[in-house]
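Before any comments, here is the structure.
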Amino acid sequence: MLKYHHIKQYTAVAIATVFITAILASCTKNFQKENATYSGPASATLSQLYTGIGANLDRAADIGDNAEARWLYPITQLGAVYAVSDFGFEENQNWQLFYANLPAMNQMLSTMQSSPDSATYINAEGMVKVLRAYQALELSNTYGDLPYFKAGRAFSGSTADLKVSFDKQQAIYLSCLSDLTWAVNHFNTTSTAQFTFGSEFLLGNNIGQWKAFANSLRLRYALTIYDKDNADAGPIIADALTKPLLTDPVADVVGLSQANVPDISFDIDGAGRAFFFRQESRARMGSTLWNLLSDNNTDSGIFDLRATIYFEKNGNGEWAPYPQNPVTPISDGGDPYNTKRDPANDGWGAPAYKAGNLYSDYNYYWGRDGNISGSTGACPEIFISAAETYFLKAEAYARGAGVAQNSAAAKSAYESGVTASLTFWKNMAFNSSVWVVNKPTSATPTTAEISAVLTNPKAAWDANNALKLIYAQEWIDLFRQPWVAWALLRRTGGATPMDPSNPAGYKQNYGSLQRYQYPGDEQLLNNANWKAATGGSDLTSTKIWIAK
Numbered sequence: 006m007l008k009y010h011h012i013k014q015y016t017a018v019a020i021a022t023v024f025i026t027a028i029l030a031s032c033t034k035n036f037q038k039e040n041a042t043y044s045g046p047a048s049a050t051l052s053q054l055y056t057g058i059g060a061n062l063d064r065a066a067d068i069g070d071n072a073e074a075r076w077l078y079p080i081t082q083l084g085a086v087y088a089v090s091d092f093g094f095e096e097n098q099n100w101q102l103f104y105a106n107l108p109a110m111n112q113m114l115s116t117m118q119s120s121p122d123s124a125t126y127i128n129a130e131g132m133v134k135v136l137r138a139y140q141a142l143e144l145s146n147t148y149g150d151l152p153y154f155k156a157g158r159a160f161s162g163s164t165a166d167l168k169v170s171f172d173k174q175q176a177i178y179l180s181c182l183s184d185l186t187w188a189v190n191h192f193n194t195t196s197t198a199q200f201t202f203g204s205e206f207l208l209g210n211n212i213g214q215w216k217a218f219a220n221s222l223r224l225r226y227a228l229t230i231y232d233k234d235n236a237d238a239g240p241i242i243a244d245a246l247t248k249p250l251l252t253d254p255v256a257d258v259v260g261l262s263q264a265n266v267p268d269i270s271f272d273i274d275g276a277g278r279a280f281f282f283r284q285e286s287r288a289r290m291g292s293t294l295w296n297l298l299s300d301n302n303t304d305s306g307i308f309d310l311r312a313t314i315y316f317e318k319n320g321n322g323e324w325a326p327y328p329q330n331p332v333t334p335i336s337d338g339g340d341p342y343n344t345k346r347d348p349a350n351d352g353w354g355a356p357a358y359k360a361g362n363l364y365s366d367y368n369y370y371w372g373r374d375g376n377i378s379g380s381t382g383a384c385p386e387i388f389i390s391a392a393e394t395y396f397l398k399a400e401a402y403a404r405g406a407g408v409a410q411n412s413a414a415a416k417s418a419y420e421s422g423v424t425a426s427l428t429f430w431k432n433m434a435f436n437s438s439v440w441v442v443n444k445p446t447s448a449t450p451t452t453a454e455i456s457a458v459l460t461n462p463k464a465a466w467d468a469n470n471a472l473k474l475i476y477a478q479e480w481i482d483l484f485r486q487p488w489v490a491w492a493l494l495r496r497t498g499g500a501t502p503m504d505p506s507n508p509a510g511y512k513q514n515y516g517s518l519q520r521y522q523y524p525g526d527e528q529l530l531n532n533a534n535w536k537a538a539t540g541g542s543d544l545t546s547t548k549i550w551i552a553k
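Shown next, in the form of structure tokens:
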């Protein structure tokens with residue numbers, strides 16, 4: 006298989022070939038004979054287009070690690086920065102990559118649905134619909150309204166398809182949920198006559214897992230809109246809870262990994278995990294998350310094993326959380342993310358790079374996991390996990406969203422979610438060849454490690470405080486998906502963990518940020534539709550539809 010970070014170049018060629026072929030196929034002249042049927046370059050195959058889609062999936066959905074470090078971690082309080090970023094609150098590449106994928110997805114669906122043997126493409130159609138829904142909804146959660154229903158159809162040859170209107174987020178949600186429902190109800194696990202893409206990308210041809218993936222996304226997105234449209238969301242939640250969901254803490258973590266994408270690079274185009282740290286070395290462990298992982302600033306105070314996987318000590322060998330919302334910014338020093346800390350160079354313990362480092366950092370291995378030559382077992386780029394699915398299930402039962410309220414079922418799902426999260430993160434660190442310092446000695450948490458979290462007053466089940474607990478543990482598990490945590494924060498009206506100190510400072514720096522601005526090309530090249538969508542004021546403080 007092609008190196009993952011080179012596939013994007015191939016994708017552009019493949020999609021361009023589709024467009025060029027559509028144009029050239031209408032010609033009736035070649036070099037040999039007038040009016041002869043054109044027999045020029047063949048269009049890209051379904052399998053080629055499908056493989057190419059993978060190159061744009063991750064960064065199109067999760068908006069890029071650089072934006073996460075600069076803005077999403079302090080916005081969600083999953084982390085802190087000791088100075089507001091010098092880079093603007095923007096990330097346009099996710100927009101560009103989605104709209105690079107959308108024409109290929111639409112063309113693939115049109116081709117499969119119009120085929121004389123369309124019944125053999127049911128599973129393939131379901132896969133494309135799931136990926137299109139996933140990308141569209143994650144993108145919509147960052148911008149709000151999007152060009153969707155008429156977008157990505159330039160292959161039609163109509164000039165009307167080049168400048169299209171922005172569709173309302175609610176309409177996009179309902180359409181994508183309909184696609185996910187179609188996939189869940191049509192995935193065929195028994196037929197041997199189904200077309201396959203022949204690619205190991207994502208879940209391969211494991212149709213049972215595809216069904217659980219689609220259904221788990223359905224639960225995520227139906228709960229996301231439940232407070233805005235419970236009439237449509239409620240029945241979807243109820244139905245999703247009767248169908249297969251992701252359950253295995255490790256095997257059912259869906260995303261891009263070394264297991265399903267051989268030779269994957271986690272430093273795609275030089276703007277992946279390592280870029281997070283190289284360009285934003287001011288990123289630090291914040292007090293909000295630390296206070297939910299430890300009772301004090303000592304080793305003995307840590308009750309949650311995820312603390313030493315997510316973070317490391319400061320240059321003095323101490324646990325020192327950066328105050329989440331200081332009234333006056335507190336500077337920090339050191340060079341904790343310098344790649345010379347690799348074992349092959351000066352090593353983790355080299356004092357030079359931690360000198361003057363007063364506050365605890367993100368674990369250095371996050372920048373190197375999957376990037377050091379020959380490293381294996383790297384944490385995948387996660388789309389959705391079994392742990393998140395359990396927390397969503399717990400929320401539905403705790404709220405009575407779509408189903409009858411059931412505290413016992415909520416407690417069971419909540420505790421399964423905590424256990425799944427602890428299991429995944431410990432397994433990841435144990436199986437990564439890069440992890441050395443604070444590497445777990447086993448792949449699965451002990452009964453005592455699980456109990457330490459579930460019995461601590463900060464996490465122990467309390468039916469009277471159910472939603473606060475569920476959102477907090479889901480938020481902790483979303484450590485490597487801050488864009489999902491951002492959606493959770495906004496759709497719950499700020500119910501995820503927040504430091505109550507200096508709320509004015511937080512609001513000034515981060516709290517007013519509700520969405521990304523549309524890329525400048527939309528205002529320039531699609532001005533009339535951009536104006537209709539924004540009223541001429543494309544403000545980052547404007548709440549999107551899903552937000553409370």
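Its first residue numbered 6, the sequence shown is counted upward by one per residue in the working numbering.
Every residue gets a Cβ at the ideal spot worked out from N, C-alpha and C, and that includes glycine.
- By the Cβ rule, the region 433-442 counts as touching the region 366-378, because three or more pairs are nearer than 8 Å.
- Cβ contact annotation for P254 (same chain, cutoff 6 Å, sequence separation greater than five): A391, A425, T428, F429, in chain order.
- Annotated three-state conformation of I551 is coil, per DSSP.
- In its chain, beyond the 5 residues on either side, Y87 have a beta carbon closer than 7 Å to the beta carbon of S336.
- The C-beta distance from W76 to F103 rounds to 19 Å, too long to meet the 8 Å contact threshold.
- Three or more beta-carbon pairs separated by less than 8 Å link the region 211-221 to the region 243-254, which places the two stretches in contact.
- In this structure, M117 sits away from I58, with a CB-CB distance that is not shorter than 8 Å.
- Measuring C-alpha to C-alpha distances from L151 to each of Y139, A159, S170, D166 identifies S170 as the nearest.
- Each of Y178, Y370, Y364, T452 was checked against the Cα of A383, and the nearest Cα belongs to Y370.
- Counting C-beta pairs with one atom in each stretch, the region 292-309 and the region 497-513 have three or more that are closer than 8 Å, which means they touch.
- Per DSSP, the unbroken beta strand (DSSP E) holding V259 starts and ends at 259-261.
- Here Y419 really is in contact with W466; their C-beta atoms are around 6 Å apart, less than 8 Å.
- Fewer than three Cβ pairs drawn from the region 392-409 and the region 310-328 lie within less than 8 Å of each other, which leaves the two stretches out of contact.
- The criterion of a C-beta distance shorter than 8 Å is satisfied by E205 and P267.
- DSSP places V423 in the helix class (H, G or I) of the three-state scheme.
- Nearest to Q101 by C-alpha distance, out of G84, F281, L144, is L144.
- Going by C-alpha positions, N128 is about 16 Å away from Q112.
- Within the same chain, G352, W353, A355, Y358, Y369 come within 7 Å of R346 by CB-CB distance, once the 5 residues on both sides are set aside.
- Checking the DSSP bridge columns, you'll see V86 partnered with A288.
- Judged by beta-carbon spacing, S365 lies within the 8 Å limit of A325, meaning their Cβ atoms are closer than that value.
- With fewer than 16 neighbouring CB atoms inside 10 Å of its own CB, F154 falls in the exposed class.
- Per DSSP, I389 lies in no alpha helix (DSSP H); the unbroken beta strand (DSSP E) holding it starts and ends at 386-389.
- The region 177-193 makes contact with the region 131-146; the number of CB pairs closer than 8 Å reaches 3 or more.
- Assigned with DSSP and collapsed to three states, E317 falls in strand.
- Rounded to whole angstroms, the separation of the alpha carbons of L107 and N461 is 46 Å.
- A straight-line Cα-Cα distance of about 13 Å links Y55 and N210.
- A check of alpha carbon separations from Y367 across A492, G84, V89, I80 identifies G84 as the nearest.
- By the neighbour-count criterion, in which a residue is buried when 16 or more other Cβ atoms sit within 10 angstroms of its Cβ, E393 is buried.
- Residue pairing from DSSP places I307 in a beta bridge opposite S299.
- In the three-state scheme derived from DSSP, where H, G and I count as helix and E and B as strand, D234 is classed as coil.
- In the structure shown, L251 falls within a coil segment according to DSSP collapsed to helix, strand and coil.
- For the set N146, L261, S115, the Cα lying nearest the Cα of N61 is the one of L261.
- In the DSSP annotation of this structure, the continuous segment of the alpha helix (DSSP H) that includes F218 starts and ends at 212-229.
- Excluding sequence positions up to five before and after T449, its CB lies within less than 8 Å of the CB of T428, K431, N432, all in the same chain and listed in chain order.
- For the options Y523, A49, Y226, L208, the alpha carbon positioned closest to that of L493 is the one of Y226.
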